[in-house]
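Enquirer: With UniProt numbering as the guide, the letters of the sequence shown map in order to residues 1 to 234. Where is the CB? At the ideal position from N, CA and C, for every residue including glycine. Nothing here was measured: the structure is a model prediction, and the numbers come from that model.
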Amino acid sequence: MMMQLSEVGVAKKARTHHFREDWLKEFSWLRYYKQSNYMNCEYCTSYPRTAGNTKFADSTGTSQFKHNTLIKHNLSLKHRVCRDMFINQKATPLPVAFRRQMTVNQSADEAEMMLKFNTAYFVAKEELPFTKYKSQLDLQRKNGLKLNETYNNDTACAQFVGVIADTLKGKTYTKIKDAPYLSIMIDGDTDVSTKECEIIYARILNEGKPMNILIGHIEVKHAHAQGTFNSNYV
């Protein structure tokens with residue numbers, strides 16, 4: 001039951017992703033091993049204990065060739081710690097000074113990326129169209145924020161929302177998996193087109209307090225028990 005619940009959403013056809021050479025220019029820490037067809041992080045493989053449980057720190061790397069995966073790793077705190085340790089150890093004093101300045105610039109870029117992530121989250125949370133993302137950034141520029149023109153369109157917004165969704169799903173899975181007690185609640189619903197739907201909740205104990213977690217929402221052919229049973233959630 002738990003394994004089925006963790007796979008939130010309707011099953012999708014498997015899609016093959018391939019490594020793109022231009023990622024090596026975008027992410028200086030990225031290393032790709034063509035013969036074995038995997039990638040990892042130069043910084044994190046140098047300090048695997050600091051990097052923690054990530055495939056990017058593993059000598060066998062990862063074959064999950066997705067741009068969103070690289071963005072998430074680049075923004076992670078442990079990756080940035082490994083980056084600073086790598087720079088300080090490998091470079092001589094003068095290059096260290098230059099690299100530190102580069103790190104400051106990178107930190108500013110990361111702060112700007114977080115701002116754009118937050119804006120994309122706002123767009124999704126308020127159920128606005130992705131095309132409103134650019135106008136939200138323009139408003140922030142008018143209010144005095146300095147933002148560059150990269151990731152400044154609705155396509156970038158959709159990518160950011162995808163990354164955020166994957167992160168939230170991962171946290172939801174971890175909470176449910178680690179919960180000592182679990183109950184499932186299924187509630188019938190009707191969407192705007194009057195189609196029968198089911199909303200699935202998990203009720204768990206979180207730090208001794210009950211918590212309801214939305215697992216998903218799915219259309220069913222019939223609202224009776226057999227229709228619910230035949231859905232992809234149960």
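Please list the terminal residues of the continuous alpha helix (DSSP H) segment that includes residue 43.
Expert: Translated into the one-based positions of the sequence shown, residue 43 becomes position 43. Start and end: 42–46.
Enquirer: Quick check on DSSP: helix, strand or coil for residue 112?
Expert: Position 112 of the sequence shown, counting from 1, holds the residue named residue 112. Helix at residue 112.
Enquirer: So which of 212, 119, 74 and 173 has the shortest CA-CA distance to residue 201?
Expert: Locating residue 201 in the sequence shown gives position 201, where the first residue counts as 1. Of the listed residues, the one whose Cα sits closest to residue 201 is 212.
Enquirer: Mind pulling the beta strand (DSSP E) runs of 3 or more residues that sit fully within the segment 198–222?
Expert: Runs found: 209–219.
Enquirer: So, at 8 angstroms on beta carbons, what are the nonlocal neighbours of residue 72 in its own chain, with the 5 sequence-adjacent residues on each side left out?
Expert: In the sequence shown, the residue the question calls residue 72 occupies position 72. 163, 166 and 167.
Enquirer: Taking the alpha carbon of residue 241 as the point to measure from, which residue in 74, 64 and 131 has its own alpha carbon closest?
Expert: Because the chain is modelled from 1 through 234, residue 241 falls outside the range shown and cannot be assessed.
Enquirer: Apart from the five residues just before and just after residue 116, which ones in its own chain have a Cβ nearer than 6 angstroms to its Cβ?
Expert: The count along the sequence shown starts at 1 and reaches residue 116 at position 116. Taken in chain order, the residues that qualify are 151.
Enquirer: Report the three-state DSSP secondary structure of residue 36 (helix, strand or coil).
Expert: Stepping through the sequence shown from its first residue, residue 36 is reached at position 36. In this structure, residue 36 counts as coil in the three-state DSSP scheme.
Enquirer: Just how far apart, CA to CA, sit residue 153 and residue 134?
Expert: Position 153 of the sequence shown, counted from the start, is the residue given in the question as residue 153. Position 134 of the sequence shown, counted from the start, is the residue given in the question as residue 134. If I take the Cα positions, the gap works out to 6 angstroms.
Enquirer: Terminal residues of the continuous alpha helix (DSSP H) containing residue 133?
Expert: Position 133 of the sequence shown, counting from 1, holds the residue named residue 133. From DSSP, the alpha helix (DSSP H) with residue 133 extends over 132–142.
Enquirer: Based on the DSSP secondary-structure assignment, which residues constitute the bridge partners of residue 62?
Expert: Looking up residue 62 in the sequence shown gives position 62. In the DSSP output, where bridge partners are listed per residue, residue 62 has 39.
Enquirer: Quick one: grab the DSSP three-state call for residue 52.
Expert: Along the sequence shown, one-based indexing puts residue 52 at 52. Coil at residue 52, not helix or strand.
Enquirer: Can you give me the Cβ contacts of residue 66 inside the same chain, cut-off strictly under 6 angstroms, excluding the 5 residues immediately before and after it?
Expert: Sequence index remark: in the sequence shown, residue 66 carries index 66 (1-based). Contacts found: 17.
Enquirer: By the DSSP assignment, the alpha helix (DSSP H) with residue 25 in it spans what residues?
Expert: Taking the sequence shown and counting its residues from 1, the one referred to as residue 25 is at position 25. Segment 23–26, the alpha helix (DSSP H) holding residue 25.
Enquirer: Taking Cβ to Cβ, would you say residue 61 is nearer than 8 angstroms to residue 38?
Expert: By 1-based counting over the sequence shown, the position of residue 61 is 61. By 1-based counting over the sequence shown, the position of residue 38 is 38. Contact: yes.
Enquirer: If you follow the alpha helix (DSSP H) that residue 169 is part of, which residue opens it and which one closes it?
Expert: Against the sequence shown, residue 169 aligns to sequence position 169. Taken as a continuous stretch (DSSP letters only), the alpha helix (DSSP H) holding residue 169 covers 154–178.
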